[in-house]
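Residue numbers (my numbering), protein chains in the order written: chain A, 0 to 118; chain B, 79 to 240.
From the three backbone atoms N, C-alpha and C, an ideal C-beta is built for every residue, glycine too.
Just so we're clear, the structure is a prediction, and the values are computed from it rather than from any experiment.
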Amino acid sequence: MKESTLWLLHIIAALVLVIAIPIHMHNFSTLLRPLGAPGYELALSWAFVSSRARDIFYTVTYIALLGAATYHGMYGVRSMIYELALSKSLERISSILCFLAGAGLFVFGTYVAIAALFL
Amino acid sequence: MTSKQNQTPTCLRPYSNRRGIIGWFDSRHLNLERYLYSMHRLAGIVLVGYLFVHVFTTSTRLRGPAPWDAFLFTIENPLIYVGEWLLVAAVALHGLNGIRLILAELGLSIGEPQRPIYPYRPKSITGRQRYLIWFLMIVGGILLIGAALEYLVFVPLVSHGA
């Protein structure tokens, strides 16, 4: 894939995260209870966690959020490594390691989100 | 220098990054944007690390209610609350500065190119760009105060009755 396409995907993933992370985090806010947020303690209780895990809407959004965060994060790490002006072979190795780490995290996180549907 | 190197245009020669990672934090002769660059990277590295930890720790839910409650017991301590506040700080910094960078990438906050005129204050880091930085810093400050109330006051004192 062209570097410009990878960069565009990085920006698109960032825009997804800017919207999705505050929504993801607001659940745990006690301050936002008046706006309908369950609050820190309730959001982390087993009853609430398992009910969210069994909801297909949450499963899909968790996987999408994980995909965007993993891609954005690993591409960012790769970009930082590339800026260190290493040799071509080290750049290639770092690309492969970033890809493997990101793919491993995404596969594991997706497995957890899908397996949690049957809690 | 060999004749082959002499033929290579300057822009295509390998770039020597002499300052490396230390250069991110060497603040001599640098401007506000450069500090944000360093902090954006530092926050990004922290968040990537947290992403791995978060996915692995929350996978505890697959093992049932007892391990989940045991996990919750381990995270109910002041160090974790401070860590969560710092995490919100990293998210706020990286997210808000990221919005600025996307706007700059799209050419929306840096203005049109101008002829350099003494004292060579580039328009790309003055005017709208600086106002945007200050605005985002104020938003970030409000988020940090809210998160401090959340994780350093409400969660320890109200939720857990500590």
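Legend entry - Selected residue, minimal CA-CA separation from L186/B, among N155/B, I203/B, G127/B: Stepping through the second sequence from its first residue, residue 186/B is reached at position 108. Residue I203/B holds the alpha-carbon nearest to the alpha-carbon of L186/B among N155/B, I203/B, G127/B.
Legend entry - Stretch pair the stretch 139-154 of chain B + the stretch 47-55 of chain A: three plus CB contacts closer than 8 Å: Segments in contact, yes.
Inset, instruction - Kindly list, in the order they appear in chain B, the residues whose Cβ is closer than 7 Å to that of S28/A. - result: Counted from its first residue, the first sequence places residue 28/A at position 29. Residues of chain B with a Cβ closer than 7 Å to the Cβ of S28/A are, in chain order, E228.
Inset, instruction - Examine chain A for any beta-carbon lying closer than 8 Å to the beta-carbon of E190/B, and answer yes or no. - result: Your numbering for residue 190/B matches position 112 in the second sequence. Output row for E190/B: interface = no.
Inset, instruction - In angstroms with no decimal places, state the Cα-to-Cα distance between A36/A and L179/B. - result: In the first sequence, residue 36/A corresponds to position 37, counting from 1. In the second sequence, residue 179/B corresponds to position 101, counting from 1. Rounded to whole angstroms, A36/A to L179/B spans 30 Å at the Cα level.
Inset, instruction - Could you tell me whether any Cβ in chain A is nearer than 8 Å to the Cβ of D147/B? - result: Residue mapping note: residue 147/B aligns to position 69 of the second sequence, counting from 1. Any Cβ of chain A closer than 8 Å to the Cβ of D147/B would place that residue at the interface, and such an atom is present.
Inset, instruction - Starting from A84/A, trace the alpha helix (DSSP H) both ways and give me its first and last residue. - result: Locating residue 84/A in the first sequence gives position 85, where the first residue counts as 1. Neither: A84/A is in no alpha helix (DSSP H) and is coded neither H nor E.
Legend entry - Selection of the stretch 121-133 of chain B by Cβ proximity to chain A, strictly under 8 Å: If the cut-off is 8 Å between Cβ atoms, the stretch 121-133 of chain B has G122, I123, L125, V126, L129, F130, V133 near chain A.
Legend entry - Cutoff 8 Å: V233/B Cβ touching any chain A Cβ: Position 155 of the second sequence holds residue 233/B. For V233/B, the closest Cβ of chain A is nearer than 8 Å.
Legend entry - Y198/B (DSSP reduced to helix, strand or coil): Counting from one through the second sequence, the residue named residue 198/B turns up at place 120. Coil.
Legend entry - For A121/B, the nearest candidate out of F134/B, V133/B, N109/B, W102/B (CA to CA): Stepping through the second sequence from its first residue, residue 121/B is reached at position 43. The candidate whose alpha carbon is nearest that of A121/B is W102/B.
Legend entry - Segments of 4+ residues assigned as alpha helix (DSSP H) that fall wholly inside the stretch 97-131 of chain B: For the stretch 97-131 of chain B, whole alpha helix (DSSP H) runs of length 4 or above, ordered along the chain, are 100-103.
Inset, instruction - In the DSSP assignment, find the alpha helix (DSSP H) that holds L207/B and state where it starts and stops. - result: Looking up residue 207/B in the second sequence gives position 129. The amino acid occupying residue 207/B in the given sequence is Gln; Leu does not appear at that position. Unbroken alpha helix (DSSP H) run through Q207/B: 206-226.
Inset, instruction - Examine chain B for any beta-carbon lying closer than 8 Å to the beta-carbon of A68/A, and answer yes or no. - result: Along the first sequence, one-based indexing puts residue 68/A at 69. At a cut-off of 8 Å between beta carbons, A68/A contacts chain B.
Legend entry - Local Cβ density within 10 Å of G101/A, reported as buried at 16 or more and exposed below that: Taking the first residue of the first sequence as 1, we reach residue 101/A at position 102. Sixteen is the threshold: when 16 or more other Cβ atoms of the shown chains lie within 10 Å of the Cβ of G101/A, as they do, the residue is buried.
Legend entry - Contact list for the stretch 171-186 of chain B against chain C, Cβ threshold 8 Å: No chain C is part of this structure, whose protein chains are labelled A and B.
Inset, instruction - Determine, using beta carbons only, whether G218/B comes closer than 8 Å to chain A. - result: The residue given as residue 218/B occupies position 140 in the second sequence. No, no contact with chain A.
Legend entry - Contact list for I20/A against chain B, beta-carbon separation under 9 Å: Counting from one through the first sequence, the residue named residue 20/A turns up at place 21. Residues of chain B with a Cβ closer than 9 Å to the Cβ of I20/A are, in chain order, V169, G173.
Inset, instruction - Answer with yes or no whether the minimum CB distance from I10/A to chain B is below 8 Å. - result: For this step, residue 10/A is matched to residue 11 along the first sequence. Output row for I10/A: interface = yes.
Inset, instruction - Out of A182/B, A168/B, P197/B, point me to the one whose CA is closest to E190/B's CA. - result: Translated into positions along the second sequence, residue 190/B becomes position 112. The shortest Cα separation from E190/B among A182/B, A168/B, P197/B belongs to A182/B.
Inset, instruction - Enumerate in chain order the residues of its own chain whose CB-to-CB distance from L214/B is below 8 Å, with the five nearest sequence positions on each side excluded. - result: Within the second sequence, residue 214/B is the residue found at index 136, counting from 1. Within the same chain, L214/B has close Cβ partners L174, N175, I177, R178.
Inset, instruction - Taking a Cβ distance cut-off of 7 Å, strictly less, list which residues of the stretch 196-224 of chain B are near chain A, in chain order. - result: The residues in question are G224.
Legend entry - DSSP state of T29/A mapped onto helix, strand, coil: Looking up residue 29/A in the first sequence gives position 30. If DSSP states are grouped into helix, strand and coil, T29/A belongs with coil.
Legend entry - Residue span of the alpha helix (DSSP H) that contains T251/B, given as start and end: With chain B covering only 79 through 240, there is no way to say anything about residue 251/B.
Legend entry - Cutoff 8 Å: A42/A Cβ touching any chain B Cβ: As a working note, residue 42/A is residue 43 in the first sequence. False, the Cβ-Cβ gap to chain B never drops below 8 Å.
Inset, instruction - Please list, in chain order, all residues of the same chain as T109/A whose beta carbon is under 6 Å from its beta carbon, the five residues on each side excluded. - result: Here the question's residue 109/A lines up with position 110 in the first sequence. Hits under 6 Å: I62.
Inset, instruction - Could you tell me whether the Cβ atoms of L104/A and V133/B are closer together than 8 Å? - result: For the purposes of this step, residue 104/A is taken as residue 105 along the first sequence, with counting starting at 1. For the purposes of this step, residue 133/B is taken as residue 55 along the second sequence, with counting starting at 1. L104/A places its beta carbon less than 8 Å from that of V133/B.
Inset, instruction - State buried or exposed for R77/A, treating a residue as buried only when at least 16 other CB atoms are found within 10 Å of its CB. - result: Within the first sequence, residue 77/A is the residue found at index 78, counting from 1. Buried.
Legend entry - the stretch 105-119 of chain B touching the stretch 12-22 of chain A, judged by at least three CB pairs closer than 8 Å: Judged by Cβ distances under 8 Å, the stretch 105-119 of chain B makes no contact with the stretch 12-22 of chain A, as fewer than three pairs qualify.
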